[in-house]
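One structure is given here, and the rest of the page talks about it.
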Amino acid sequence: MSPVPSPAPTVPSRSRTLLAALVALLAAALLVPGAASAAKVRSLTPWNAQNTYRVEVDLDGRSAPRLKPVAKVDHVRAGQWVRITCQVVGQAAYGSRVWAKVNGLYVPDTYLKTYTDGFIQGVPTCGASDPKPAPPYVPAQPTAPSHATLGLVARAVEFEDVGGSKYGTYKKLYPSTRKDVDGHSINWGTNGCSVPEKLLEVELGYRSWKGKPIAYYSDIFEKSCDRHDFGYRNFGSKADGLELAPTAAGKKAVDSRFMENMNIQCKQKFDRKYVEALQRGICYKVADAFHLAVSRFGGKNYFD
1 MSPVPSPAPT VPSRSRTLLA ALVALLAAAL LVPGAASAAK VRSLTPWNAQ
51 NTYRVEVDLD GRSAPRLKPV AKVDHVRAGQ WVRITCQVVG QAAYGSRVWA
101 KVNGLYVPDT YLKTYTDGFI QGVPTCGASD PKPAPPYVPA QPTAPSHATL
151 GLVARAVEFE DVGGSKYGTY KKLYPSTRKD VDGHSINWGT NGCSVPEKLL
201 EVELGYRSWK GKPIAYYSDI FEKSCDRHDF GYRNFGSKAD GLELAPTAAG
251 KKAVDSRFME NMNIQCKQKF DRKYVEALQR GICYKVADAF HLAVSRFGGK
301 NYFD
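Heads up: the sequence shown at position 213 corresponds to 213 in full-length UniProt numbering, and the numbers run straight through without jumps.
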């Protein structure tokens, strides 16, 4: 039997070929990862040139990935959403060596909400050929922060738990030399725990247990005392500060925070629940005494 001949191949029409090509191109475009629409990044996400990231605090802009010199004060503001052009390793700043380029200038990556301590997946590395600000670019003159901004910073520092990062971070960003338009600035001065010298060597014990001198607890509470001094200098009207709450209620709030911070330090220092229960209890008593002293006699240092 002779084989049955195969049918001749059908030649597609030109219009059908063009239609298939267009469909293929359209499908490819829809599947390209980089074609994703811009979005406010709210989780760990690969880099996209159109994505925006939230700024945590006001940040100065630098022309290179290092702290000095500053090219533009308050280049980006807290709460702003910005695009990241590239990232690079630079000078250590606020706990990280990663810098990001935003709007033509470098800012510390620490205060951009990228949801990673390192580089964003797929982000370009900054280099000599990075996009530069379009000419004629002239760095803006340093601008004074508003009194309201300094007030927000002072409240964030005063009412965070002792040992928190805001104290050190904002002290660098808003030093005493950085004044608002009226000439006020945050007062970072402190004289530690001001205990009368004759009381420093008084020992606090319990029955046969020989305790520690007051000076020992004064050292434990040093950071709490620093924040308490900060509160008096910036909320009261006595010192050269912001005078945010020169009222009895303001003083009470600062003193109460002092008490809370000392208790936190007692728990941290004597953290073994049963073995150090006695030492922890005495520490609380000393904190009570310190708090009572500032509550009764601190007015002369808080008010005019």
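All C-beta atoms in this analysis are idealised placements derived from N, C-alpha and C, irrespective of residue type, glycine included.
Quick one, which of the options has its alpha-carbon nearest residue i's?
i, options, result
"D109", "K40, V88, E260", "V88"
"I120", "V98, G127, N103, L105", "V98"
"C126", "K113, G104, V76", "G104"
"T116", "A154, S43, G90", "S43"
"R280", "I264, F159, S295", "I264"
"V195", "K166, A215, A92, S237", "A215"
"P124", "A49, F297, S146", "A49"
"residue 305", "E276, E260, Y274", "A question about residue 305 goes unanswered here, because the residues of the chain that appear run from 1 up to 304."
"E201", "G192, S218, R178, T190", "S218"
"S185", "G163, A154, S165", "A154"
"N51", "G211, T114, S176", "T114"
"P175", "D161, A144, G164", "A144"
"M262", "R227, V275, K273", "R227"
Can you give the Cα-Cα distance for residue i and residue j, rounded to whole angstroms?
i, j, result
"K171", "W188", "7 angstroms"
"S37", "W47", "Confidence at S37 is low in this model, with a pLDDT of 48, below 50, so its placement is unreliable and the value that follows should be read with caution. Approximately 12 angstroms, taken between the alpha carbons."
"K40", "G122", "17 angstroms"
"H75", "G61", "5 angstroms"
"T45", "L67", "28 angstroms"
"G299", "A239", "12 angstroms"
"T85", "G168", "28 angstroms"
"residue 343", "G151", "No answer is possible for residue 343: it lies beyond the span of the chain, which begins at 1 and ends at 304."
"F230", "E158", "7 angstroms"
"T190", "G236", "14 angstroms"
"K223", "D180", "27 angstroms"
"A156", "L199", "33 angstroms"
"D255", "K101", "42 angstroms"
"N234", "L242", "5 angstroms"
"Y302", "G90", "43 angstroms"
"V23", "H147", "Reliability of the predicted coordinates at V23 is poor, the pLDDT of 41 falling under 50, and no value is obtained from them."
"K72", "K166", "22 angstroms"
"L278", "C193", "23 angstroms"
"I220", "S63", "42 angstroms"
"V286", "T177", "36 angstroms"
"V107", "P213", "47 angstroms"
"L292", "L173", "34 angstroms"
"I282", "T149", "40 angstroms"
"S96", "G163", "19 angstroms"
"G118", "A93", "13 angstroms"
"A245", "D161", "20 angstroms"
"E197", "E203", "13 angstroms"
"F297", "T247", "15 angstroms"
"L59", "Y232", "27 angstroms"
"C225", "V294", "11 angstroms"
"E112", "P65", "The sequence shown places Leu at residue 112, rather than the Glu named in the question. In a straight line, the C-alpha of L112 is about 15 angstroms away from that of P65."
"K273", "V70", "49 angstroms"
"F290", "R257", "12 angstroms"
"G211", "E276", "12 angstroms"
"Y284", "D304", "31 angstroms"
What does residue i pair with, by DSSP beta-bridge criteria?
i, result
"E203", "P213"
"T125", "Q87"
"R62", "Y106"
"S96", "A93"
"K40", "T52"
"K101", "C86, Y106"
"L112", "V55"
Kindly indicate the opening and closing residues of the beta strand (DSSP E) around residue i.
i, result
"residue 306", "The structure shown does not extend to residue 306, since the chain is modelled only from 1 through 304, so no value can be given for it."
"V76", "72-76"
For a cutoff of 8 angstroms on Cβ pairs, would you count residue i as touching chain C?
i, result
"Q87", "Any reference to chain C falls outside this structure, which holds one protein chain only."
Kindly indicate the opening and closing residues of the alpha helix (DSSP H) around residue i.
i, result
"A49", "Taken as a continuous stretch (DSSP letters only), A49 belongs to no alpha helix (DSSP H), as it is neither H nor E."
"D255", "248-269"
"D304", "No alpha helix (DSSP H) holds D304; DSSP gives it neither H nor E."
"E158", "147-158"
"Q279", "277-297"
"F230", "222-235"
"G168", "166-173"
- Query: Are there three or more Cβ pairs, one per stretch, closer than 8 angstroms when the segment 69-80 is compared with the segment 45-60?
  - Reply: With a cut-off of 8 angstroms, the segment 45-60 and the segment 69-80 count as touching, because enough Cβ pairs lie within range.
- Tell me, please, whether the segment 244-256 touches the segment 269-280 by the rule of three or more beta-carbon pairs shorter than 8 angstroms. no
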